[in-house]
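Using our numbering, you'd call the opening residue of the sequence shown number 1 and step up by one each time.
Beta carbons are placed, not taken as given, at the ideal position from N, Cα and C, and that holds for glycine.
Worksheet: the structure to be examined is printed underneath.
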Amino acid sequence: AVASALRLQHIDVVLVGPQYASNVGQALRLCACFEVGRLKLVAPEYDREADATYERRFAMPQGRAVRDARTTVCDTLDAALADVEFSVAFSGRGRADQAFAAAAPALAARVDSRTALVFGREADGLRAEELARCGASVEIDSADSLNLSHAVSIALADIYARAAESEPAAPDVAPDATVDALVARLGKALGADEGFRATSRGKVAADPRLAVARRVLRRAAATSAEVGALHGILGDLSA
1 AVASALRLQH IDVVLVGPQY ASNVGQALRL CACFEVGRLK LVAPEYDREA DATYERRFAM
61 PQGRAVRDAR TTVCDTLDAA LADVEFSVAF SGRGRADQAF AAAAPALAAR VDSRTALVFG
121 READGLRAEE LARCGASVEI DSADSLNLSH AVSIALADIY ARAAESEPAA PDVAPDATVD
181 ALVARLGKAL GADEGFRATS RGKVAADPRL AVARRVLRRA AATSAEVGAL HGILGDLSA
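Have a look at this one:
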């Protein structure tokens, strides 16, 4: 690993549709305290220009430096994740692939790969299509839903402490884009729809088979070589 002045230089904190300047300000301060590489805001739902003073007040002097030098605003989640190898969505309500505690060691150890921690809106979190866009999803164990800034603080504090320890390097897990390419090829072979359809309970995967395949591959932490082998199998089947 290349030495960095920031312990969590490899981490991007991504806030999707944040609705309150106070939470973004607190997230800025947390990014400073826990030495996060970058903060990305995806289509903020509050008026950043009008609430700039409020945002800066909660950021405190430490967070203001992150705001000025290491924060970007993106129009879409796709844009925020364009230069990221791994992304982990924070979810609740039983929609996550695994507990955050189980995923945290790899997030701390993967210092040579840019990894995004993706958090949703204060009111209703991440939508189905946003969860699916991320490489994996995790849930912080708690008796009730957490405030956005509290969830960010719990995640960063855990990863920050683990990153200080002498741990083995993270395994050679296939990047999100590599897994997505395999699932897309599987979908084409099946003639499946990779999109989403609207229901009374929100959007769901149009073809649940692809959602299951993607979830299994990511939970298994398939390596690039293993994904390559599966590509070969698909090629043999379609020959």
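May I ask you to report which of helix, strand or coil DSSP gives V216?
Looking at V216 - three-state DSSP - the assignment turns out to be helix.
Once you ignore the five residues that flank A1 on each side, which residues in its own chain have a CB closer than 6 Å to its CB?
Below a pLDDT of 50, predicted positions are generally treated as unreliable, and A1, at 40, falls in that range; the measurement from the model is reported next regardless. Within the same chain, V111, D112 come within 6 Å of A1 by CB-CB distance, once the 5 residues on both sides are set aside.
Please tell me whether V36 and F90 are closer than 8 Å, where the distance is taken between their beta carbons.
no
Would you list, in sequence order, the uninterrupted beta strand (DSSP E) runs of no fewer than 3 residues that lie entirely inside the stretch 72 to 131?
86 to 90, 115 to 119
Distance check for R214 and D260, CA to CA, integer angstroms please.
Residue 260 lies beyond the range of the chain shown here (1 to 239); nothing can be said about it.
Thinking just about the alpha-carbon of each residue, which of R127, A79, L41 is nearest to the one in R95?
R127
CA-CA distance, T71 and A161?
23 Å
Pairing CB atoms from the stretch 11 to 26 with CB atoms from the stretch 41 to 50, are three or more of them under 8 Å?
Verdict: yes, contact present.
Roughly how many whole angstroms lie between the Cα atoms of V216 and V13?
Going from the Cα of V216 to the Cα of V13 covers about 25 Å.
Looking at C-alpha atoms only, which residue of I140, L15, A225 is the closest neighbour of R121?
L15
Per-residue burial, G235 [other beta carbons within 10 Å of its own, 16 or more giving buried]:
exposed
Return the CA-CA distance between A69 and A192, expressed in angstroms with no decimal places.
43 Å
DSSP puts I242 in a beta bridge; with which residues?
Outside the shown range of the chain, which is 1 to 239, sits residue 242, and nothing can be said about it.
Do you know offhand how far V173's Cα is from A132's?
18 Å
Do you know offhand how far A211's Cα is from D97's?
11 Å
Measure the CB-CB distance between C31 and V73 and report whether it falls below 8 Å.
Not a contact, by the Cβ cut-off of 8 Å.
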